[in-house]
Amino acid sequence: NSAQAAAASQTASANSATAAKKSETSAKNSETATKASEKNAKSSQTAAKTSETNAKDSEANAKVSETAAANSAKASAASQTAAKASEDAAREYANQTAEPYRYVLQPLPDVWIPFNDSLDMITGYSPGYKKVKIGDNVVQVASDKQVNFSRASTATYINKSGELKTAEINEPRFEKEGLLIEGQRTNYMLNSATPASWGKSANMNVAEVGTDSFGFTYGKFVCNESLIGQSTTLNMAVVSTSGAVDVSGDNKCVTTSCRFKTDLELLLRIRFEAFDGSASSNLGYAIVNTRSLLVEITGVAADRLTARVNKDEATGWIFVEATIQASKETYITSAIQYAPKSGGVVESGDYIYLATPQVEDGSCVSSFIISGTTAATRASDMVTVPIKNNLYNLPFTVLCEVHKNWYKTPNAAPRVFDTYRHQADAGIVMGFGSSGGYDGFPYCDIGGSDRRINENAGLEKMLIGMRVKSERSTCVVSNGKLSSETKTTWEYIRSTATIRIGGQTTAGLRHLFGHVRNFRLWHKELTDAQLGEVVK
Numbered sequence: 001n002s003a004q005a006a007a008a009s010q011t012a013s014a015n016s017a018t019a020a021k022k023s024e025t026s027a028k029n030s031e032t033a034t035k036a037s038e039k040n041a042k043s044s045q046t047a048a049k050t051s052e053t054n055a056k057d058s059e060a061n062a063k064v065s066e067t068a069a070a071n072s073a074k075a076s077a078a079s080q081t082a083a084k085a086s087e088d089a090a091r092e093y094a095n096q097t098a099e100p101y102r103y104v105l106q107p108l109p110d111v112w113i114p115f116n117d118s119l120d121m122i123t124g125y126s127p128g129y130k131k132v133k134i135g136d137n138v139v140q141v142a143s144d145k146q147v148n149f150s151r152a153s154t155a156t157y158i159n160k161s162g163e164l165k166t167a168e169i170n171e172p173r174f175e176k177e178g179l180l181i182e183g184q185r186t187n188y189m190l191n192s193a194t195p196a197s198w199g200k201s202a203n204m205n206v207a208e209v210g211t212d213s214f215g216f217t218y219g220k221f222v223c224n225e226s227l228i229g230q231s232t233t234l235n236m237a238v239v240s241t242s243g244a245v246d247v248s249g250d251n252k253c254v255t256t257s258c259r260f261k262t263d264l265e266l267l268l269r270i271r272f273e274a275f276d277g278s279a280s281s282n283l284g285y286a287i288v289n290t291r292s293l294l295v296e297i298t299g300v301a302a303d304r305l306t307a308r309v310n311k312d313e314a315t316g317w318i319f320v321e322a323t324i325q326a327s328k329e330t331y332i333t334s335a336i337q338y339a340p341k342s343g344g345v346v347e348s349g350d351y352i353y354l355a356t357p358q359v360e361d362g363s364c365v366s367s368f369i370i371s372g373t374t375a376a377t378r379a380s381d382m383v384t385v386p387i388k389n390n391l392y393n394l395p396f397t398v399l400c401e402v403h404k405n406w407y408k409t410p411n412a413a414p415r416v417f418d419t420y421r422h423q424a425d426a427g428i429v430m431g432f433g434s435s436g437g438y439d440g441f442p443y444c445d446i447g448g449s450d451r452r453i454n455e456n457a458g459l460e461k462m463l464i465g466m467r468v469k470s471e472r473s474t475c476v477v478s479n480g481k482l483s484s485e486t487k488t489t490w491e492y493i494r495s496t497a498t499i500r501i502g503g504q505t506t507a508g509l510r511h512l513f514g515h516v517r518n519f520r521l522w523h524k525e526l527t528d529a530q531l532g533e534v535v536k
């Protein structure tokens with residue numbers, strides 16, 4: 001019995017251990033289930049948040065789609081508007097010859113000379129010869145549409161690339177603004193290609209001489225180190241008393257000009273002096289601040305002295321010109337000078353590059369004249385076409401683009417065009433005048449009808465013209481502005497007459513000293529609207 005009881009007790013103990021083991025396993029399973037439950041709860045929470053985010057994204061995407069649809073609709077509307085505008089523009093262009101545009105658009109001119117880069121005429125008549133290149137050879141061929149041009153000397157000009165060039169005898173000069181037309185002038189500054197021979201002061205050194213990429217021959221003028229700390233003025237270029245300009249006759253003006261460069265703040269001075277044959281006296285200065293480019297005019301004759309400065313940003317050269325009008329002087333000399341900045345002194349390395357110095361007899365600057373050991377003269381540009389087959393009687397209209405190289409008239413009445421070799425009282429004049437405080441006003445004169453537009457006197461560029469109606473009412477036009485009309489007595493002009501453009505005689509009387517371009521003449525009276533062109 002005891003053995004049986006022990007066996008039973010052992011069995012019960014084993015069963016109890018097994019039960020304990022099961023209980024432990026159940027506890028672990030319960031813990032695992034709890035953790036799984038917790039994890040599942042978190043997953044459910046995350047899923048809920050994801051669903052919420054997705055819902056918001058869907059809402060945003062819906063709004064984007066809605067905005068895109070609206071933008072697409074706007075783009076479609078804009079496209080339709082642009083298409084309509086293009087259609088309207090095309091219809092407008094197609095209708096330009098219909099009412100009312102037939103009163104605005106100009107018909108083909110009966111005489112049309114562009115003067116852009118050649119003497120060729122598009123329409124009109126002028127027999128002559130033109131140069132044509134055939135292979136490597138240049139030959140002259142006859143043409144009935146070639147403007148007549150002559151000049152008895154070489155002359156310089158600035159081409160459309162900004163380069164200084166020399167035109168041969170009888171070669172026209174075409175610049176950015178058109179055909180350059182100038183009267184006779186003399187440069188009294190000697191040795192223009194040799195800076196060391198321009199008459200510099202002894203303490204002014206020419207440290208460098210050269211020709212830049214634009215063709216300008218220059219000298220680099222540097223102050224001598226012995227002058228450091230001093231307040232002094234030095235000559236760079238001078239016309240001395242032996243070469244003084246005679247102002248005792250008809251010419252009463254002297255104009256001095258040059259180009260300069262420097263990175264320093266200095267003063268470039270243009271000096272004028274009177275010379276009576278034995279002694280000199282100071283008249284005045286045009287003083288240019290090389291940094292600000294402001295000009296100060298001083299001296300006893302300051303009220304007779306004018307100056308202006310212009311910088312070419314492409315080449316870097318600064319062009320300055322100064323003009324003095326003589327009063328009782330017999331001769332006038334001039335100098336181009338260096339001076340320290342206002343209130344300053346000479347500093348080490350002070351320098352100015354100087355090019356194209358010129359002292360000429362006239363009230364405005366003209367193109368650079370290359371001189372040698374004596375003063376050099378440039379001849380007048382002469383431009384003509386025959387009246388024959390170009391103009392006969394009323395009505396007619398003339399228009400021409402003009403650019404002045406001056407702000408004070410260089411003579412009594414600079415011409416844009418006039419006629420000569422005509423019968424009595426048949427002359428035609430169109431140009432610029434000066435009267436009553438208006439200097440350079442556009443005007444025309446034909447058969448006792450003298451019309452002018454005073455308020456456009458100060459314009460440097462303009463479209464100038466004149467109109468003579470079949471019933472003889474005449475007006476002048478300038479940049480779309482028409483003068484009042486008066487009746488002319490003019491009826492016709494003989495075929496033996498000649499049209500002169502930009503000047504009268506080889507002596508340079510009434511020359512334009514400027515540019516012409518796009519010369520047009522109609523055998524019609526253009527409407528006011530057709531005369532509305534503006535050039536700026």
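Be aware that the sequence shown starts at 1, since it is given in UniProt numbering, and climbs by one per residue. No residue lacks a Cβ here, since even glycine has one placed at the ideal position from N, Cα and C.
| Check | Outcome |
| --- | --- |
| Rounded to the nearest angstrom, how far is the Cβ of residue 476 from that of residue 453, given a contact under 8 Å? | 6 Å |
| Cα separation between residue 277 and residue 359? | 19 Å |
| Please determine, among 339, 506, 385, the residue with the shortest C-alpha to C-alpha distance to residue 201. | 339 |
| Quick one: what does DSSP say residue 196 is sitting in, helix, strand or coil? | helix |
| Which residues bound the beta strand (DSSP E) around residue 241? | Careful: residue 241 lies outside any beta strand (DSSP E) and carries neither H nor E. |
| Does the stretch 369-387 come within contact of the stretch 408-415, defined as at least 3 CB pairs closer than 8 Å? | no |
| What residue from 305, 213, 227, 506 has the CA that sits closest to residue 252's CA? | 305 |
| Taking 8 Å as the cut-off, decide whether the C-beta atoms of residue 262 and residue 217 are in contact. | no |
| In this structure, how does DSSP classify residue 337 when only helix, strand and coil are distinguished? | strand |
| Could you have a look at residue 389 and say whether DSSP puts it in helix, strand or coil? | coil |
| On a Cα-Cα basis, can you pick out the residue from 383, 385, 357, 363 that is closest to residue 372? | 357 |
| Counting C-beta neighbours from all protein chains within 10 Å, is the total for residue 310 16 or more, i.e. buried, or is it exposed? | exposed |
| In this structure, does DSSP put residue 345 in helix, strand or coil? | coil |
| Counting C-beta neighbours from all protein chains within 10 Å, is the total for residue 392 16 or more, i.e. buried, or is it exposed? | exposed |
| Three-state secondary structure (DSSP) at residue 84? | helix |
| Who are the near neighbours of residue 226 in its chain, counting only those whose CB is closer than 7 Å to its CB and skipping five residues on each side? | 203 |
| For residue 214, tell me which candidate among 381, 157, 168, 256 has the shortest Cα-Cα distance. | 157 |
| Return the Cβ separation of residue 395 and residue 470 in integer angstroms, given the expectation that the two are a contact with Cβ distance under 8 Å. | 4 Å |
| Could you say which of 119, 165, 136, 116 lies nearest to residue 367 if we only look at CA atoms? | 165 |
| Check the DSSP bridge columns for residue 478 and list the partner residues they point to. | 464, 481 |
| Could you check the C-alpha separation between residue 512 and residue 347 for me, to the nearest Å? | 44 Å |
| For residue 431, which residues does DSSP report across the bridge? | 415, 443 |
| Considering just the uninterrupted stretch of the beta strand (DSSP E) at residue 204, what are its terminal residues? | 204-211 |
| Considering only C-alpha positions, which residue in the set 245, 299, 229, 148 is nearest to residue 343? | 229 |
| Report the rounded CA-to-CA distance for residue 325 versus residue 300, giving the unit in angstroms. | 13 Å |
| With respect to the beta strand (DSSP E) encompassing residue 514, which residues constitute its N-terminal and C-terminal limits? | 514-522 |
| Alpha carbon to alpha carbon, what distance is there between residue 292 and residue 249? | 38 Å |
| According to the neighbour-count rule (16 or more other Cβ atoms, all chains shown, within 10 Å of its Cβ), is residue 169 buried or exposed? | exposed |
| Quick check: residue 404 and residue 495, are their CB atoms within less than 8 Å of each other? | no |
| Less than 8 Å between the beta carbons of residue 493 and residue 422, yes or no? | yes |
| Tell me whether residue 225 sits in a helix, a strand or coil according to DSSP, three-state version. | helix |
| Name the residue from 333, 281, 363, 329 whose alpha carbon lies nearest to the alpha carbon of residue 321. | 363 |
| Measuring only the C-alpha atoms, how far is residue 313 from residue 490? | 49 Å |
| Taking the beta strand (DSSP E) that residue 260 falls in, what are its first and last residues? | 253-261 |
| Leaving aside the five residues before and after residue 431 along the sequence, list all residues of the same chain whose C-beta is less than 6 Å from its C-beta, in chain order. | 413, 414, 415, 416 |
| At the level of alpha carbons, what is the spacing between residue 104 and residue 150? | 37 Å |
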